[in-house]
Amino acid sequence: MTDEEIINGVQMITESDLRQRFIVLKNFTIFDDSYNASLESIVADFKFISNMNRPTGAFLGDVLELGDSAHNIHKEIGNKAAEMNIGRLYLYGEYAEDIKHGAIDGGINP
Numbered sequence: 003m004t005d006e007e008i009i010n011g012v013q014m015i016t017e018s019d020l021r022q023r024f025i026v027l028k029n030f031t032i033f034d035d036s037y038n039a040s041l042e043s044i045v046a047d048f049k050f051i052s053n054m055n056r057p058t059g060a061f062l063g064d065v066l067e068l069g070d071s072a073h074n075i076h077k078e079i080g081n082k083a084a085e086m087n088i089g090r091l092y093l094y095g096e097y098a099e100d101i102k103h104g105a106i107d108g109g110i111n112p
């Protein structure tokens, strides 16, 4: 893509394109709420998808700009995933181990 095409494409993005977006595929639905996520928004998303009455999973990366609280908040995310019965977790990032340990502590089968 040219610089102009990239700039034009970025200018067309709206906030609704970056939050609470459903992507429906043949055998499953992706609920993308990754932009500027926080502990509170992730927990709300867990509650939402756990009520869908179908197998669930979550692809989780790092929540940024948490300072000294980063490790504890990521552990809490994992714990909440277990509490909300999220079936599978796919983790990526610097704090993936924290999410994993929080989930295991909360009862998710490793």
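Plus 2 on top of the position in the sequence shown (first one is 1) and you've got our numbering. Quick reminder that beta carbons are idealized off the backbone N, C-alpha and C, glycines included.
Over the uninterrupted beta strand (DSSP E) stretch that includes Gly104, give me the two end residues.
-> Position 102 of the sequence shown, counted from the first residue, corresponds to residue 104. Unbroken run through Gly104 is the alpha helix (DSSP H), Ala98 to Gly108; no beta strand (DSSP E).
Leaving aside the five residues before and after His73 along the sequence, list all residues of the same chain whose C-beta is less than 8 Å from its C-beta, in chain order.
-> Working through the sequence shown from its first residue, we reach residue 73 at position 71. Same-chain partners within the cutoff: Tyr97 and Asp100.
Where Asp5 falls, given that 16 or more other Cβ within 10 Å makes a residue buried = Within the sequence shown, residue 5 is the residue found at index 3, counting from 1. By the neighbour-count rule (16 or more Cβ atoms within 10 Å), Asp5 is not buried but exposed.
Contact set for Ile110: own chain, Cβ-Cβ below 8 Å, skip 5 residues either direction = Mapped onto the sequence shown, residue 110 falls at position 108. Taken in chain order, the residues that qualify are Gly80, Ala83, Ala84, Ile88 and Leu91.
Identified DSSP bridge partners for Ile32 | The residue you call residue 32 lines up with position 30 of the sequence shown. Beta-bridge pairing links Ile32 to Ile25.
Any idea if Met3 is buried or exposed, counting beta-carbon neighbours within 10 angstroms, 16 or more meaning buried?
-> For the purposes of this step, residue 3 is identified with residue 1 of the sequence shown, where counting begins at 1. Exposed, since its Cβ has fewer than 16 Cβ neighbours within 10 Å.
Pick from Leu68, Phe50, Ala39 and Arg56 that is closest to Leu62, judged by C-alpha positions = On the sequence shown, position 60 is the one that residue 62 refers to. Closest option to Leu62, Cα to Cα, is Ala39.
By the 10 Å Cβ neighbour count, where 16 or more other Cβ atoms means buried, how is Gly104 classified, buried or exposed?
-> The sequence position of residue 104 within the sequence shown is 102, counting from 1. Under this definition Gly104 is a buried residue.
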